[in-house]
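Visitor:
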Amino acid sequence: MGVAAVNAPLPLVAGLGLRATARADHLQALWQQACDWLVQQPDWPADQVPAVTTLAVLVHKADHPALQAWRTQLPWATQLLALPPVQLAGQPVPTQSARLLARYGTGSVAEAAALIAAGPGARLWRPRWVAADGCATLALACAAPSFDCVSGEAIASPLEE
Numbered sequence: 012m013g014v015a016a017v018n019a020p021l022p023l024v025a026g027l028g029l030r031a032t033a034r035a036d037h038l039q040a041l042w043q044q045a046c047d048w049l050v051q052q053p054d055w056p057a058d059q060v061p062a063v064t065t066l067a068v069l070v071h072k073a074d075h076p077a078l079q080a081w082r083t084q085l086p087w088a089t090q091l092l093a094l095p096p097v098q099l100a101g102q103p104v105p106t107q108s109a110r111l112l113a114r115y116g117t118g119s120v121a122e123a124a125a126l127i128a129a130g131p132g133a134r135l136w137r138p139r140w141v142a143a144d145g146c147a148t149l150a151l152a153c154a155a156p157s158f159d160c161v162s163g164e165a166i167a168s169p170l171e172e
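The following block contains the structure:
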């Protein structure tokens, strides 16, 4: 991915998996781990602070108290995308949890949600991060250059003109 030449913020999408016991500080710790890792990657622009445009969760987790509390702490606005479980089924992901495969048809809720929210051609930055107690997971995906994950619209490439 040739992100070094990108001047605008990268469209970064976070997929989240949440258990009932998850707390906002768990999500913040996962986000901090992800940021610390991300800024060390050679594909990440040196002068860019990571920020998420979209948070994607299962529809029945959209009102989770930890998620709502964490969103109010974020220094940027995010779109919340609540996905029905059936939408995750069959989404290929690197993590293969037998429990999640049986329940949702995909091996990782966080990874599948991030990829779906980021749109066609999206890629994960790496497999999910897992909270120390296993109550929350976070995965980051980036949209393909020709897809706007905020509006859901295709973007014309200057190379196609």
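Mapping of the sequence shown onto our numbering: residues 12 to 172, in sequence order. No residue lacks a Cβ here, since even glycine has one placed at the ideal position from N, Cα and C.
(1) Would you kindly work out how many angstroms separate the C-alpha atoms of residue 97 and residue 43, rounded to a whole number?
(2) Within 10 angstroms of the Cβ of residue 87, are there 16 or more other Cβ atoms? Answer buried if so, exposed if not.
(3) Quick one: what does DSSP say residue 126 is sitting in, helix, strand or coil?
(4) Buried or exposed for residue 154, going by 16 or more other Cβ atoms inside 10 Å?
(5) For residue 5, name the three-state secondary structure that DSSP assigns.
(6) Can the beta-carbon of residue 25 be found less than 9 Å from the beta-carbon of residue 45?
(7) Which value, in whole angstroms, describes the spacing of the CA atoms of residue 91 and residue 69?
(8) Rounded to whole angstroms, what is the Cα-Cα separation between residue 36 and residue 29?
(9) Shorter than 8 Å, the distance from the beta carbon of residue 34 to the closest heavy atom of the ligand HEM, or not?
(10) With C-beta atoms as the reference, is residue 122 less than 9 Å away from residue 139?
(11) If you count every other CB in all the chains shown that lies within 10 Å of the CB of residue 83, and 16 or more means buried, which is it?
(12) Short check: CB of residue 114 to CB of residue 126, under 9 Å?
(13) Work out the CA separation of residue 128 and residue 79 for me, nearest whole Å.
(14) Taking buried to mean at least 16 other C-beta atoms within 10 Å of its own C-beta, is residue 75 buried or exposed?
(15) Starting from the Cα of residue 34, find the closest Cα among 72, 104 and 62 and give me that residue.
Guide: Looking at the coordinates:
(1) 30 Å
(2) exposed
(3) helix
(4) buried
(5) This structure leaves residue 5 out entirely; the chain is present only between 12 and 172.
(6) Between residue 25 and residue 45, the gap from beta carbon to beta carbon is short of 9 Å.
(7) 10 Å
(8) 13 Å
(9) The model on display carries no ligand, and the ligand HEM is accordingly not part of it.
(10) Yes, Cβ-Cβ distance for residue 122 and residue 139 is below 9 Å.
(11) So residue 83 ends up on the exposed side.
(12) no
(13) In this structure, the straight-line span from the alpha carbon of residue 79 to that of residue 128 is close to 18 Å.
(14) buried
(15) Checking every option, the nearest Cα to that of residue 34 belongs to 72.
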